[in-house]
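Engineer: Dropping the structure in here first, questions after.
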Amino acid sequence: MADTPPRTPHNWRPGRFMVIVAHPDDADFGPAATAAKWIDAGSIGRLVCCTSGDAGGDDWRTDPLELAATREAEQLAAATVVGYEGVAFLHQPDGALANDLALREQLVREIRTFRPDAVLAVDPDTLFYTDGGVNHTDHRAAGIAAVDAVYPAARNAMSFPWLARDGLLPHPVRRLYLFWTNHADAWVDTTATLHRRIDALRAHASQIRRPEQLEERMRAWAREEGAAIGCAAADAFRVIVIDEDEPVSGESEVAAGS
Ligand SMILES: [Zn+2]
0 MADTPPRTPH NWRPGRFMVI VAHPDDADFG PAATAAKWID AGSIGRLVCC TSGDAGGDDW
60 RTDPLELAAT REAEQLAAAT VVGYEGVAFL HQPDGALAND LALREQLVRE IRTFRPDAVL
120 AVDPDTLFYT DGGVNHTDHR AAGIAAVDAV YPAARNAMSF PWLARDGLLP HPVRRLYLFW
180 TNHADAWVDT TATLHRRIDA LRAHASQIRR PEQLEERMRA WAREEGAAIG CAAADAFRVI
240 VIDEDEPVSG ESEVAAGS
């Protein structure tokens with residue numbers, strides 16, 4: 000514990016960011032504390048859920064449409080806790096998410112409409128976690144779909160040209176923040192906003208089997224990530240810089256505290 004942390008906290012902040020995930024609750028098990036921190040500092044965030052989690056039940060007799068409605072309501076409540084300006088549900092099938100052209104077009108439409116500086120998504124390279132477990136196929140599909148939508152499709156004038164004809168002009172997303180990664184290279188200090196992630200997760204009541212253990216579990220996870228930068232809590236990311244920052248204008252590259 001007395002060892003010097005190997006890294007310093009990551010302080011780049013996007014003016015606008017979009018979180019793209021497979022299921023309601025992924026963003027809250029994922030980078031919600033970072034999202035809350037950035038929003039508190041003035042960023043505008045939007046959440047996109049590719050599915051509505053209609054296969055996320057333990058009883059095969061569950062009505063998937065009822066479950067989807069429940070989970071959308073839970074995600075909307077959680078998004079209010081984090082502070083997103085809105086949530087989009089793309090209504091793709093849970094358990095059968097595919098990185099196909101239909102999903103890519105939906106994501107490009109979202110990106111060109113909202114025009115984020117950064118997109119946060121699951122690292123699609125994560126098939127198995129180094130500390131155990133398999134990464135759900137939908138998580139991997141949403142991750143690679145987000146990457147492919149960001150680059151090149153969203154910025155490419157000739158991708159889905161009917162979108163541009165509808166006024167959705169090409170947009171360059173400058174960075175990817177990939178979470179649930181085995182190749183973390185950036186840690187955001189989330190000590191001040193970890194409680195918002197925990198409160199957001201409480202909203203997903205249909206998915207939390209042992210709510211009494213939730214807080215301690217999340218604090219333990221965040222503590223493990225925080226050890227890299229000597230903080231009580233952190234979110235770990237693999238950051239892909241597609242476009243370097245402009246050297247002069249700094250309006251969306253706020254390096255808070257450094
Ligand atoms: Zn999930």
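In terms of numbering that gives the first Met the number 0, the sequence shown has 38 at position 39, counting the first letter as 1, and numbering is strictly consecutive. Ideal Cβ placement from N, Cα and C applies to all residues, glycine included. A quick note: this is a predicted structure, and the numbers were derived from the prediction, not measured.
1. If we define contact as Cβ-Cβ less than 9 Å, is residue 125 a contact residue for chain B?
2. Please output, in chain order, the residues near ligand 3 using a CB cut-off of less than 6 Å to any non-hydrogen atom of the ligand.
3. For residue 175 and residue 245, what's the separation of their Cα atoms in angstroms?
4. Would the beta-carbon of residue 52 fall within 9 Å of that of residue 206?
5. Could you check how far apart the C-beta atoms of residue 46 and residue 108 are, in whole angstroms? I think they sit under 8 Å.
6. For residue 257, is the classification buried or exposed, using 16 other Cβ atoms within 10 angstroms of its Cβ as the cut-off for buried?
7. Less than 9 Å between the C-beta atoms of residue 121 and residue 149, yes or no?
8. Using only the alpha-carbon positions, how far apart do residue 260 and residue 242 sit?
9. Check the DSSP bridge columns for residue 15 and list the partner residues they point to.
10. Which residues mark the beginning and the end of the beta strand (DSSP E) in which residue 186 is found?
11. How long is the line joining the alpha carbons of residue 141 and residue 67, rounded to whole angstroms?
12. Can residue 125 and residue 179 be called in contact, C-beta distance under 9 Å?
13. Since residue 129 and residue 36 should fall inside the 8 Å C-beta cutoff, what is the C-beta to C-beta distance between them, to a whole number of angstroms?
14. Who are the Cβ neighbours of residue 31 in its own chain at under 6 Å, not counting the five residues just before and after it?
15. Rounded to the nearest angstrom, what separates residue 10 and residue 233 at their Cα positions?
16. Is residue 194 helix, strand or coil by DSSP?
17. Drop a sphere of 10 angstroms on the beta-carbon of residue 106, count the other beta-carbons inside from all chains shown, and report buried for 16 or more, exposed for fewer.
18. Can you find the residues in the same chain that come closer than 7 Å, C-beta to C-beta, to residue 237, ignoring five residues on each side of it along the sequence?
19. Compare the beta carbon distance of residue 170 and residue 20 with 9 Å and say whether it is the shorter of the two.
20. On the criterion of 16 or more Cβ atoms from any shown chain inside 10 Å, does residue 240 qualify as buried, or is it exposed?
21. Please list the terminal residues of the continuous beta strand (DSSP E) segment that includes residue 120.
Structural biologist: Walking through what the data contain:
1. The chain labelled as chain B is not found in the depicted structure, where only one protein chain is given.
2. Of the ligands this structure carries, namely ligand 1, none is ligand 3.
3. 17 Å
4. yes
5. With a Cβ gap of about 15 Å, residue 46 and residue 108 do not count as contacting.
6. Interpretation of residue 257 is limited by its pLDDT of 36, a score under 50 that renders its predicted location unreliable; the figure taken from the coordinates is listed afterwards. The residue is exposed, with fewer than 16 neighbouring Cβ atoms inside 10 Å.
7. no
8. Residue 260 is absent from the model: the chain starts at 0 and stops at 257.
9. 43
10. 185-188
11. 18 Å
12. yes
13. That belief does not hold up - the Cβ atoms of residue 129 and residue 36 are roughly 26 Å apart, past 8 Å.
14. 81, 196 and 199
15. 12 Å
16. helix
17. buried
18. 122, 177, 180, 182, 183 and 184
19. no
20. exposed
21. 117-121
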